[in-house]
Amino acid sequence: MIRRMVIRRMNEPEERVVGLLRAAGERIDSRRDFAPLVERILESATDSFFSVGSPLGRVFVAAGPEDVRYLAPASSPEEFVRSYRGCFGRFLSDASGSEMKELAGRVEGALAGERADVPLDLSETTPFQRRVLEIVKGIPHGEARPYAWVAREAGSPDASRAVGNVMANNPVPLLVPCHRVVKNDGRTGSYAFGTGEKERLLEQEGVSPEELLRAPYVGTPTTGTVCHATCRNARRIRPENRRPFRSVAQAVTAGFRPCRVCRPVVAA
DNA sequence: AGGGTGACAGCGT
DNA sequence: TACGCTGCCACCC
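Numbering (this note's numbering), first residue to last: 29 to 296.
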């Protein structure tokens, strides 16, 4: 209880934390009592980590007992622990081959493209970030959606750029597949690990960046709908019925209406 | 036509 | 506060 509180507030001014600890019944007479107390609390609050193979190569994963909090490539466990501490201000202990085995298995499965659901702890993110990350988590393997689409789905239709910022700080890349979020004009956009990696990841999932650029949207006269090119419905359109578009607006002008499954954004 | 560029609105942090 | 994994439009070939 106290431990949680200290962890949550460890970036706040010391006086404030001291006040809270006193209120919680801890005895702190002088400044000298404070640091060791916090240290003790933090030492006992170690999250653990393990590493697994992934499309980005070997990655490390930091997790609590039940859920994943952070995923990143690193050249060594030490480097990973350092970066975790930089982000979360918390210690990490090695958990390879221990009680994290079950969670590790699920992570490995998910990274291999299975539909395995990995519980995530996003409690240290803002509400907006959380909404965005949840939306992005739902973009299926082999599909891509624009930043503007994510923004609208998250309830902030004009926040595409802010969505980019959330992606840039995604604590769990691959698990929240931010590589599937692309620009509205079909270009792939940036990626924390380089645009090359982003395109490689997409290609591995069967999304061709070239094709996406050529026709980010596809309509079909059969149903009169326009889809994101990677929408599961769009992929079934027979070649002779496929009408490529560079924007939803063009498709709408041509008489197509947005697909109800992939819900392309009609420009305002 | 459609591809490229640059300015800037707009958002959350 | 200024900044950024964007979007849109104007303008140019």
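From the three backbone atoms N, C-alpha and C, an ideal C-beta is built for every residue, glycine too.
Spatial neighbours of P185 within its chain, please: CB distance less than 7 Å, with the 5 preceding and 5 following residues excluded, ordered by chain position. Cβ neighbours of P185 within its own chain (closer than 7 Å, five residues either side excluded): A179.
Does DSSP put V255 in a helix, in a strand, or in coil? For clarity, residue 255 is Cys in the given sequence; the question names Val instead. In the structure shown, C255 sits in a strand (DSSP, three-state: E or B).
Could you give the distance in angstroms between the alpha-carbon of A277 and the alpha-carbon of A295? Whole-angstrom Cα-Cα distance: 6 Å.
Quick check on the burial criterion: 16 or more other C-beta atoms within 10 angstroms. Buried or exposed for G247? A buried status is given to G247, since no fewer than 16 other beta-carbon atoms sit within 10 Å of its beta-carbon.
Closest to G183 by C-alpha separation, out of F273, N198 and I163, would be which residue? Here the closest residue by C-alpha is I163.
Under the three-state reduction of DSSP, which class applies to S188: helix, strand or coil? Here S188 sits in helix by DSSP.
Length of the line joining the Cα atoms of E136 and G81: Between the alpha carbons of E136 and G81 lies a gap of roughly 7 Å.
Where R271 and R118 are concerned, what is the direct C-alpha to C-alpha distance, given to the nearest angstrom? The straight-line gap from Cα to Cα measures roughly 52 Å.
Rounded to the nearest angstrom, how far is the Cβ of V160 from that of V194, given a contact under 8 Å? The Cβ separation is near 4 Å, so the contact holds.
Runs of alpha helix (DSSP H) lying entirely within the segment 146-170, each at least 4 residues, in chain order: Restricted to the segment 146-170, the alpha helix (DSSP H) segments that are unbroken, complete and at least 4 residues in length are 155-165, listed in chain order.
Given T153, which residues of its chain have a CB within under 8 Å of its CB, disregarding the five upstream and five downstream residues? Leaving aside the five residues that flank T153 on each side, the residues in its chain whose CB is nearer than 8 Å to its CB run, in chain order, L161 and P199.
Out of G252, T253, V254 and E227, point me to the one whose CA is closest to L241's CA. Proximity to L241 across G252, T253, V254 and E227 peaks at E227, based on C-alpha coordinates.
Can you name, in chain order, every residue of its own chain whose Cβ lies under 6 Å from the Cβ of H256, other than the five neighbours on each side? Excluding residues within five positions, the ones whose Cβ falls inside 6 Å are C290 and P292.
Grab me the residues of A132's own chain with a C-beta within less than 7 Å of its C-beta, minus the 5 sequence neighbours each way, in chain order. The beta carbon of A132 is closer than 7 Å to those of F78 and V80 in its chain, skipping five residues each way along the sequence.
Who are the near neighbours of V204 in its chain, counting only those whose CB is closer than 6 Å to its CB and skipping five residues on each side? Contacts found: L161, V164, K165 and N198.
Which same chain residues end up closer than 6 Å to A176 when comparing Cβ atoms and leaving out the 5 residues on each side of it in sequence? Excluding residues within five positions, the ones whose Cβ falls inside 6 Å are S188, N212 and V293.
Using a 10 Å radius around the Cβ and a threshold of 16 neighbouring Cβ atoms, would you call E130 buried or exposed? By the neighbour-count rule (16 or more Cβ atoms within 10 Å), E130 is not buried but exposed.
Would you kindly work out how many angstroms separate the C-alpha atoms of D297 and R158, rounded to a whole number? Within the shown structure, residues of the chain are numbered from 29 to 296, placing residue 297 beyond reach of any answer.
Sub-8 Å separation of E225 and L139 beta-carbons: Between E225 and L139, the CB-CB gap reaches or exceeds 8 Å.
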